[in-house]
Amino acid sequence: MTTSRPLILVSNDDGITAPGIRHLVEIVQGLGAEVVVVAPDSPQSGMGHAITIGQALRLTRNPVFGPDVDAYECSGTPADCVKIAKHYVLKGRNPDLVVSGINHGSNASVNVLYSGTMSAAIEAAIEGLPAVGFSLCEYGPNADFSHVGEWVSQVCRHALAHGIPAGTALNVNIPKNSATPIAGLRLARQARAKWQEEFDRRLDPYQRPYYWLVGSFLNLDHGTDTDEWALANNYVSVVPCQFDLTAHAGLSQLSTQWQLPLPEPTEVAAPPQPVPSQDYGVANLG
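Number 156 in my numbering belongs to position 156 of the sequence shown; there are no gaps in the numbering.
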C-alpha cells in the first residue's frame, strides 16, 4: 500500500537565508515530507501580524535549499508569506502542517505578541491549518542549532499523527545548547511578563538626535506551569496559542460593573477547514 507524503509549508521571520530556516527545512525533509518554502526576502523580526496593504508583493523562486525544495522569497511579512503560499503558490492544495522558524531568539511569554515567527503560524491557524512556530533561545546569526532536530521532529510527528486543536497554533521554544541535556517537552501556559523599556537618546554624526529602544525582560510570573519556568528548567516549552483575543474572564466582570447585557453564549462555527481536535496529553509529549 502506498502512503502519500505529507505536504509541509515552511516560513519564518528571519528571512529565507537565515540558518534557522535551513535547519528547519532539513529536519522536516527527514520526515519524508514534500517541502514548500515561502519566506521573507529580508529579516522581519518584531513585525507581529502585520500584512502588506497598498503596495505590491514580489514573489521570486529561490533555489537556496536545492532542487528537492520548491522555495520562494517574498517581499512581504511572515503573515503575507503564509497568505500567498495558501492562495497562490500551493494552488488549492492544503498543507498537512505549517511550520515557522527556527527563530533566532526566544518567543516565549509576551514575546509571542511581537513575533513574526508566531504570526506566520497563527495566520495558518486562521486559515484552518495545523501550525507550529519554533524558536531557539539563543540570539545571533551563529546560534547553535545542533541539538534541536530531535525536538522539532518529535513535535512535527505528533502534529502530523494526532493533529492540533482547531484555531490553535503551537508556540515551541527550545533552550540553548548547554552541557545539561534537555529534560523533555513540557506543555505550558504563557508566562505573565513584560519588557522594562527605555528609549536611549543618541546623536548621529550630524548631531541630530535619534532614539534606540533598549530594555530588559521582566518575568512577573512565578508559576511552575509557565513557558518561562519550563525553559529555565531546561524543558522545551509547548504553548497552545489562539487568535481569539477575547478576554472571556472579563466579560462577566464588565457586565456586572458596567451593567451591560451579557448575551447567552452561542455555538462557535467550525473553521473553514477543520483539523483534528485531539489534544496532546502528557504521555504524548514525554
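Backbone N, C-alpha and C define an ideal beta-carbon position, used for all residues, glycine too.
Residue burial is scored here from C-beta neighbours: Arg186 has at least 16 other C-beta atoms within 10 angstroms and is therefore classed as buried.
Leu213 and Arg201 have their C-alpha atoms roughly 9 Å apart.
Where Ile174 is concerned, the enclosing beta strand (DSSP E) starts and stops at 168 to 174. Contact between the stretch 37 to 48 and the stretch 62 to 71 is present: three or more C-beta pairs spanning the two stretches fall below 8 Å. Taking C-alpha positions only, Phe145 is separated from Tyr72 by approximately 23 Å.
Cβ neighbours of Thr17 within its own chain (closer than 7 Å, five residues either side excluded): Val64. For His162, the enclosing alpha helix (DSSP H) covers residues 149 to 162. Our two residues, Ser115 and Asp68, have alpha carbons roughly 29 Å apart in a direct line. Under the DSSP assignment, Leu97 falls in the beta strand (DSSP E) whose first and last residues are 97 to 104. Taking 7 Å as the cut-off, the beta carbon of Gln196 is found no closer than this to the beta carbon of Ser109.
Residue environment for Asp225: exposed (fewer than 16 other C-beta atoms within 10 angstroms of its C-beta).
In the assembly as shown, Ile53 is an exposed residue. Its beta-carbon has fewer than 16 other beta-carbons within 10 Å. Taking Asp227 as reference, the option from Cys137, Ile164, Gln257 with the minimal CA-CA separation is Cys137.
The stretch 122 to 139 and the stretch 166 to 181 touch, with three or more beta-carbon pairs separated by less than 8 Å. In terms of Cα proximity to Leu31, the closest of Ala247, Met47, Arg5, Ile51 is Arg5. Residue environment: Pro265 is assigned as exposed (fewer than 16 neighbouring CB atoms within 10 Å of its CB, all protein chains considered). For Pro19, the uninterrupted alpha helix (DSSP H) segment begins and ends at 19 to 29.
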